[in-house]
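Reviewing the structure listed below.
Residue numbers (UniProt numbering), protein chains in the order written: chain A, 1 to 399; chain B, 1 to 399.
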């Protein structure tokens, strides 16, 4: 045997891993789990709105079914695929069930993207999507998002310059983190460009059912759109059931990758989701309950922002989903966060979602998990913290 | 906009995907699901031995717990990691929970292997492991497995020739598909080589608890061993809870990849597994029940092989797990399969598990899912099919 000195020293991790940005949000969540902190930081749905009794019923009913505890196919349980196909208004051969929609992002990135291929994302970006594309060493091009969703004008110019993305990713409804929803013009514009230039649109849509006015949202049209959905924000994250709705050729590619990723999803969890989603009368009422509660909470948050910050804050009024994106001109929100934590309030600084844009004065506030009174108190603490930061900036000697 | 003729035609799938072998076994399972077929083909545990009542209790108890339906951390629920750490007799910071142990294979491949890196596997191989390593474009080197497990002699010669694997993978106990168990000499030999040459041993161990004599198996020793475990073969596949037991530095790498792969596992399913595994008196008795039943089924299969095939079959007597590997000298088992299906019996031909070895006269027979009488009938049908194949080979004109 050779002496060990002849063995080359290699980095422990693969090259793929070295390209991934860690999630500042996830690291932050450890801090915000302290009970005295009012957290506007999380991306969790409200625990108090998770229908645990109805889920317990579904579990009890499902475990007794034959084969509920066995393996299923890599595409997922037929019954659940049929229910999802019905919701998506497509044929079941377009549906593959995933372990949360994050797995759909990860498998699509592996299926469709080679190292160096361009992937276009919004700036600010959903960090989970960024990580999935970084993991396959995509070249990320981030376009500043507009009030009408993905920046179709900038995308057109990029394409005209000869850039050829494989994928354009967006969270189309109640965008995480910016809160905006793609307009009809954005949707048709994206679909036209995708058709002309041959890229895939990945329409990531976990929040579409959570419109405050209850109005249904329209999917991005066209044959080049791959839609992702999830039960995490409407039923419960712990079910870990997401799905993709894609042309059958793409479904077949993702199916092969899912075999190697984890063989298949949970028969039990998928049957439970089928039971819950197929009970449309109950499910629609449950969605109304969540959307009404989130609407009240969003209103509590924004009126507190008006009351406490007045003209010194800019924000997009939420019309659904879980997030309000705010701008505090002149305030470094990363600096603000450490002061805010000392006052017992947490949020995610804009820089955590930035690719190229300077979002240092912005922040994502989640209104989903706190009750209105707690939201008002959180904003009061945020105001106090902001005052401290502004005062310190004006007279640094006071430090 | 340019005319569409200027858009390059690119293959739909990424290069990574083009390297993966489809699973012949999975494709086969579609055929064998017909009720009249007695299947020795599956890799499933016996449905009749899944403790569904006890699992229903665990579900009912768990859903009521606070946060049971929320997201968890990427490492998994602490309570479940603690229970697994106790079983593995290690510190919890070595444990990360995965979506079945297949996900542990897939994430380890991504974490530790760069394209072109050598990964050593057994021949025949567990196809799920092969797929995971092919997915990251590893250079696969397959060594013919011995009666004592991984071929340490061939591995030594490979290393002496200067080949430097990143990973050596094996199913150490009741190997899938070959049925063999690594001897003590194989284990210490592997550990010594790993220490000297700096590769990782991935000890894939889903079957270790299913020893027919109830004796505990010993893990492969050493600091370079990463152990994978699973609840799929002892509790239920649909729980989709597996784990890895690795040095904390490797756990940290896999954790980052798991964030991007699927954020986290199911809090609910992991809490249920914790409930079931922590009830050691019940769990040990349950393991005895499975192992006794599998032992009886294995005996029914091998005595039927003796009765029907006599000296024309060679096999390794199973001492645990779910599989019996047989050799029918002079018979092409792929050819046999199509005839066997017409007689209503299915199995997996050896070639489905072969990397470089010629295993065309071998087959994997699972004894887990059929009752003894059905196993005997399956072997009778297999004998009739074999007679047909042998007769056709001797007098091809009879076709």
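Positions of the beta carbon are idealized from the N, C-alpha and C atoms, including for glycine.
- C-alpha of residue 250 of chain A to C-alpha of residue 103 of chain B: approximately 21 Å in a straight line.
- Taking the beta carbon of residue 47 of chain B as reference, the chain A residues within 9 Å of it are 66, 67, 69 and 70, listed in sequence order.
- Residue B:301 holds the alpha-carbon nearest to the alpha-carbon of residue 369 of chain B among B:301, B:108, B:363 and B:64.
- Shown here, residue 192 of chain B sits in a helix according to DSSP, grouped into three states.
- For residue 153 of chain B, the enclosing alpha helix (DSSP H) has its first and last residue at 152-160.
- At a cut-off of 8 Å between beta-carbon atoms, residue 366 of chain A makes no contact with chain B.
- If you keep only unbroken beta strand (DSSP E) runs of at least 3 residues inside the segment 302-347 of chain B, you get 323-327.
- Take residue 385 of chain A, set aside five residues on each side of it, and the residues of its chain with a beta-carbon closer than 8 Å to its own are 336, 339, 340, 342, 343 and 345, in chain order.
- Along the segment 192-225 of chain A, the beta strand (DSSP E) occurs as fully enclosed runs of 3 or more residues at 200-204, listed in sequence order.
- For residue 391 of chain A, the enclosing alpha helix (DSSP H) starts and ends at 372-394.
- Comparing C-alpha distances from residue 268 of chain B to each of B:217, B:61, B:43 and B:35 shows the shortest one belongs to B:61.
- At least one CB of chain B lies nearer than 8 Å to the CB of residue 266 of chain A.
- By the C-beta density criterion, residue 262 of chain A is buried, having at least 16 other C-beta atoms within 10 angstroms.
- Contact annotation for residue 96 of chain A against chain B: no contact, minimum CB-CB distance about 14 Å [criterion: below 7 Å].
- From the beta-carbon of residue 100 of chain B, the residues of chain A found nearer than 7 Å are 262 and 263.
- In this structure, A:282 is the residue among A:317, A:82, A:282 and A:351 with its C-alpha nearest to the C-alpha of residue 53 of chain A.
- Bridge partners of residue 365 of chain A according to DSSP: A:324.
- Going by C-alpha positions, residue 373 of chain A is about 41 Å away from residue 95 of chain A.
- The secondary-structure analysis by DSSP pairs residue 282 of chain A with nothing; it has no beta-bridge partner.
- Sequence-distant Cβ neighbours of residue 126 of chain B in its own chain, meaning closer than 7 Å and more than five residues away, are 171, 176 and 204.
- In the three-state DSSP reduction, residue 36 of chain A falls in the coil class, being neither helix nor strand.
- Within 9 Å of the CB of residue 135 of chain B, the CB atoms of chain A belong to 110, 257, 260 and 261, in sequence order along the chain.
- For the pair residue 226 of chain B and residue 224 of chain A, the Cα-to-Cα distance works out to about 42 Å.
- Annotation for residue 349 of chain A: 333, 334, 337 and 363 place their beta carbon closer than 7 Å to its own, counting only its chain and skipping 5 residues before and after.
- Residue contact with chain A for residue 300 of chain B: absent (no Cβ-Cβ distance below 8 Å to any residue of chain A).
- Of all residues in the segment 268-279 of chain A, those with a C-beta nearer than 7 Å to a C-beta of chain B are 268 and 269, reading in chain order.
- Taking a C-beta distance under 8 Å as the contact criterion, residue 87 of chain B and residue 272 of chain B do not qualify as a contact pair.
- Of the other Cβ atoms in all chains shown, fewer than 16 fall within 10 Å of the Cβ of residue 307 of chain B; this residue is therefore exposed.
- Of A:299, A:47, A:319 and A:314, the smallest CA-CA separation from residue 327 of chain A is found for A:314.
- Taking a cut-off of 8 Å on C-beta distances, the segment 77-93 of chain B does not touch the segment 129-140 of chain B, as fewer than three cross pairs fall below it.
- For residue 175 of chain B, the secondary structure class from DSSP, reduced to helix, strand or coil, is coil.
- One finds 69 in chain A with Cβ atoms closer than 7 Å to the Cβ of residue 236 of chain B, taken in chain order.
- Judged by beta-carbon spacing, residue 331 of chain A lies within the 8 Å limit of residue 361 of chain A, meaning their Cβ atoms are closer than that value.
- Per DSSP, residue 245 of chain A lies in no alpha helix (DSSP H); the unbroken beta strand (DSSP E) holding it starts and ends at 242-245.
- For residue 39 of chain B, no Cβ of chain A is located within less than 8 Å of the residue's own Cβ.
- Per DSSP, reduced to three states, the secondary structure at residue 254 of chain A is helical.
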